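Per full-length UniProt numbering: the sequence shown ends with 191, consecutive numbering throughout. We put the beta carbon where it would ideally sit given N, CA and C, even for glycine. What you are looking at is a predicted structure, and each value in this text was computed from that prediction instead of being measured. This report concerns only the one structure given below.
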Amino acid sequence: MICLFIYGQVDYDTYFATAGNNKEEFKIQITEKKGVVDEVYIYSKSVDNTYDKCVLVVKAKKLGTFVDYLKYVNTKFKEWSETAIKNKVDDFSKDIDADLRDYYSVGFAYDDWYMDSRVKLKSMFAVNEGDPIIYIYTGTIYSNSNSYIQSKGLFMPFATPEDLQELIDKLDVSMMQRSLSKNSDTENLFN
Numbered sequence: 001m002i003c004l005f006i007y008g009q010v011d012y013d014t015y016f017a018t019a020g021n022n023k024e025e026f027k028i029q030i031t032e033k034k035g036v037v038d039e040v041y042i043y044s045k046s047v048d049n050t051y052d053k054c055v056l057v058v059k060a061k062k063l064g065t066f067v068d069y070l071k072y073v074n075t076k077f078k079e080w081s082e083t084a085i086k087n088k089v090d091d092f093s094k095d096i097d098a099d100l101r102d103y104y105s106v107g108f109a110y111d112d113w114y115m116d117s118r119v120k121l122k123s124m125f126a127v128n129e130g131d132p133i134i135y136i137y138t139g140t141i142y143s144n145s146n147s148y149i150q151s152k153g154l155f156m157p158f159a160t161p162e163d164l165q166e167l168i169d170k171l172d173v174s175m176m177q178r179s180l181s182k183n184s185d186t187e188n189l190f191n
């Protein structure tokens, strides 16, 4: 798996995650199998400082469910942000009860990459000093190959519903497929 993970992805796009005043750009990569999108790699922040990278791996067959989950979370983000602002809420946090039954793979890296292939995603709405934010996160994740190697998890903070919507819009399989085709067409020019 590690060879595929390191060498098989194609850069597709980027998205922005925001925590506090820090807006950071992260890659989205895709892999293909027989010319069709197979997996989507969404890079993100790590909860702890031990690992400098995390990546959420979504199989193409689960992408629709994942996007529906993000849409639900974004709807709650909009609703609860409006409620928080209207009622002048300064500090608050609550998990979003979204029924996401799928497991995902999450990679974490310092020098080497480690994968946990049975990860559940969670989402939390928070208000910090009057500013609403959404976190998509995991709990502690463990290496498949060595359970003593662990990370506190990955998290994707979004300061606005528009930032989360931008990620949702980029997770369109037909757009990814066009990107793969364009990349393949370019490579064929130099055969």
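**Study point:** Within-9 Å CB hit, Y148 to chain D
**Key:** Given the protein chain composition of this structure (a single chain), no chain D is represented.
Exercise for review: Counting only the same chain and skipping the five closest in sequence on each side, list residues whose C-beta sits under 8 Å from that of T140.
Suggested key: Q150, S151, K152 and G153
Point to revise | Residues near G20 in its chain [Cβ-Cβ closer than 7 Å; skip 5 each side] | key: none
Practice item. Report buried or exposed for I85, applying the criterion of at least 16 other Cβ atoms within 10 angstroms of its Cβ. Key: exposed
Check your understanding: Would you report the Cα separation of I168 and S145, rounded to the nearest angstrom?
Key -> Computed Cα separation, rounded: 32 Å.
Review point. By a C-beta neighbour count over all protein chains shown, 10 Å radius and 16 as the cutoff for buried, is Y103 buried or exposed?
Key: exposed
Check your understanding: Per the contact definition of three or more C-beta pairs closer than 8 Å, is the region 19 to 39 in contact with the region 81 to 99?
Key -> no
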